[in-house]
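**Student:** Residue numbering for the sequence shown follows this note's numbering, beginning at 10 and increasing consecutively.
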Amino acid sequence: DYGVVNLFGQYLLDHYGVKVLGDSLKNNSKGVASLEQALIQNGINQSFGEIFSNFNLALFFNDCNLGEAYCFKNANLKNIKVAPALIILPNTQQTELSLRYQITDWSGNWYRLSMAGVADLGLNFEGDLAGQFKIPYAVCQANGTCSIANLELDEAKKGVINLSRFGEQGRYLVLAPTIQDLTVNSQTQAKSYNFNLVLKAGLSVATTTSSIQDSSTIILRAKILELEQQIILLKQKLAGNLDAQSGSCGAFLVNLKFGQVSSSVRCLQMFLQKQGLGIYPEGWVTGYFGLATQKAVIRFQEKYLAEILTPFGLTKGTGLVGTKTREKINAMR
10 DYGVVNLFGQ
20 YLLDHYGVKV
30 LGDSLKNNSK
40 GVASLEQALI
50 QNGINQSFGE
60 IFSNFNLALF
70 FNDCNLGEAY
80 CFKNANLKNI
90 KVAPALIILP
100 NTQQTELSLR
110 YQITDWSGNW
120 YRLSMAGVAD
130 LGLNFEGDLA
140 GQFKIPYAVC
150 QANGTCSIAN
160 LELDEAKKGV
170 INLSRFGEQG
180 RYLVLAPTIQ
190 DLTVNSQTQA
200 KSYNFNLVLK
210 AGLSVATTTS
220 SIQDSSTIIL
230 RAKILELEQQ
240 IILLKQKLAG
250 NLDAQSGSCG
260 AFLVNLKFGQ
270 VSSSVRCLQM
280 FLQKQGLGIY
290 PEGWVTGYFG
300 LATQKAVIRF
310 QEKYLAEILT
320 PFGLTKGTGL
330 VGTKTREKIN
340 AMR
């Protein structure tokens, strides 16, 4: 996590000055509490959680035109942007799609939702009751202008976003959910929390009447979205550990988790496939960290429980390819 921590430190320096970071190192508090204390000491009326949520949006947008909080001011970081998980919906029929994800404390998660055409969209969020979810989201136009808000959840950890004529003029939705539970610097391992997205889309009246004449435009837009996804995957392949010429995989150096798409995930799946049907019966090598891959990781972790889970006081696999899991995989390859 050193790279991400470095970026967060740069973000703090950009927006709050070196004194806040210095004061957080001088006080007797630890972790989140040390920064909270330094913010108060310097008269900054923002919580660590608010700053962290803005930091995640800055990693996605890195555009000061959207607001000072959503960019890096350091000229050396002007091209830093994360590649989100892509969700692309059709609009040729009534569509209902249910997606299940897992995230951990203070981790960055980004989902970009697009549609090949124009239709009304309903998004229903339902999170783990035990999790302290913060869900900033943005509705953006193709020209880069965005409206940023926070999804309010009820006591059941449910929330709804409704957008009419979604996809019109290249409009897309960005979700950047976080869990903000663990607040002390301790040996406690960050927990994983589940959440579900249920997406409902259907042709609007205006789209239905013009669907025939606009069909070529819809097809073209779908092709553009497909090419955008391929570009992101190619960038991830170049940045990953899969050799494009030999197809070989190097050591696993970063954590992998549910929902990711990368060459590193493909390498993980190739490794799990070699562990046999008892670990990975599906044997899919797609580069997408889906439910089948997550279950395979859990089986692998529980098979080598003493080395991977016991050091953290766990008896059940988490599905997160963290430090101990990577160490065991690298030792076996």
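By construction, the Cβ of each residue, glycine as well, lies at the ideal position given by its N, Cα and C atoms.
I need the DSSP call for Ile317, collapsed to helix, strand or coil.
**Tutor:** Note: Ile317 maps to helix in three-state DSSP.
**Student:** The beta strand (DSSP E) spanning Ser173 covers which residue range?
**Tutor:** 167-175 is the span of the beta strand (DSSP E), which, as asked, contains Ser173.
**Student:** If you run the structure through DSSP and keep just helix, strand and coil, what is Ala67?
**Tutor:** DSSP places Ala67 in helix when its eight states are reduced to three.
**Student:** Which partner residues of Thr104 appear in the DSSP bridge assignment?
**Tutor:** Bridge partners of Thr104: Ala210.
**Student:** Buried or exposed for Asp10, going by 16 or more other Cβ atoms inside 10 Å?
**Tutor:** Counting Cβ neighbours within 10 Å, Asp10 comes out exposed, since fewer than 16 surround it.
**Student:** Note down the Cα distance separating Ile170 from Met341, rounded to an integer number of angstroms.
**Tutor:** In a straight line, the C-alpha of Ile170 is about 46 Å away from that of Met341.
**Student:** Taking 8 Å as the threshold, find out whether the region 276-285 comes into contact with the region 305-321 through three or more Cβ pairs.
**Tutor:** With the cut-off at 8 Å, the region 276-285 and the region 305-321 touch.
**Student:** Spell out the partners DSSP gives Asn203 in its beta bridges.
**Tutor:** Bridge partners of Asn203: Gln111.
**Student:** Quick check: the Cα distance between Trp119 and Ile317, rounded to an integer number of angstroms?
**Tutor:** Computed Cα separation, rounded: 28 Å.
**Student:** Indicate whether Ile188 and Phe142 have their beta-carbon atoms separated by less than 8 Å.
**Tutor:** Yes. Within cutoff.
**Student:** List the DSSP bridge partners of Ala260.
**Tutor:** Answer is none; Ala260 lacks a bridge partner.
**Student:** Relative to the alpha-carbon of Val41, which residue among His24, Val27, Glu59, Lys28 has its alpha-carbon at the smallest distance?
**Tutor:** Nearest option by C-alpha distance: Glu59.
**Student:** May I ask you to list the residues that DSSP assigns as paired with Val43?
**Tutor:** In the sequence on display, residue 43 carries Ser and not Val. In DSSP, Ser43 forms no bridge with anything.
**Student:** Taking the alpha helix (DSSP H) that Ala125 falls in, what are its first and last residues?
**Tutor:** Per DSSP, Ala125 belongs to no alpha helix (DSSP H) and is neither H nor E.
**Student:** Helix, strand or coil, according to DSSP, for Tyr79 in the structure here?
**Tutor:** Tyr79: helix per DSSP, three-state reduction.
**Student:** CA-CA distance, Asn205 and Gly176?
**Tutor:** Their Cα atoms are separated by approximately 22 Å.
**Student:** With 16 other CB atoms within 10 Å as the buried threshold, where does Ala253 fall?
**Tutor:** Residue placement at Ala253 cannot be trusted, given a pLDDT of 37 that sits under 50; the coordinates are not used to answer.
**Student:** From the DSSP output, in three-state form, read off Phe142 for me.
**Tutor:** In this structure, Phe142 counts as strand in the three-state DSSP scheme.
**Student:** Check whether the region 85-95 touches the region 156-170, taking contact to mean three or more Cβ pairs, one atom from each stretch, closer than 8 Å.
**Tutor:** In short, these stretches do not touch, since the Cβ pair count stays below three.
**Student:** Between the Cα of Gly18 and the Cα atoms of Leu300, Gly285, Leu68, Asn54, which residue gives the shortest distance?
**Tutor:** Of the candidates Leu300, Gly285, Leu68, Asn54, the one whose C-alpha sits nearest the C-alpha of Gly18 is Leu68.
**Student:** Can you list, in chain order, the residues of its chain with a C-beta nearer than 6 Å to that of Leu182? Leave out the 5 residues immediately preceding and following it.
**Tutor:** So the qualifying residues of the chain are Leu122, Val148.
**Student:** So for Ala94, helix, strand or coil by DSSP?
**Tutor:** In this structure, Ala94 counts as strand in the three-state DSSP scheme.
**Student:** For Ala165, count the other beta carbons within 10 Å of its own beta carbon; 16 or more makes it buried, fewer makes it exposed. Which is it?
**Tutor:** Ala165 comes out exposed.
**Student:** Taking a contact to mean a Cβ-Cβ separation below 8 Å, would you say Tyr20 touches Phe64 in this structure?
**Tutor:** In this structure, Phe64 lies closer than 8 Å to Tyr20 by Cβ.
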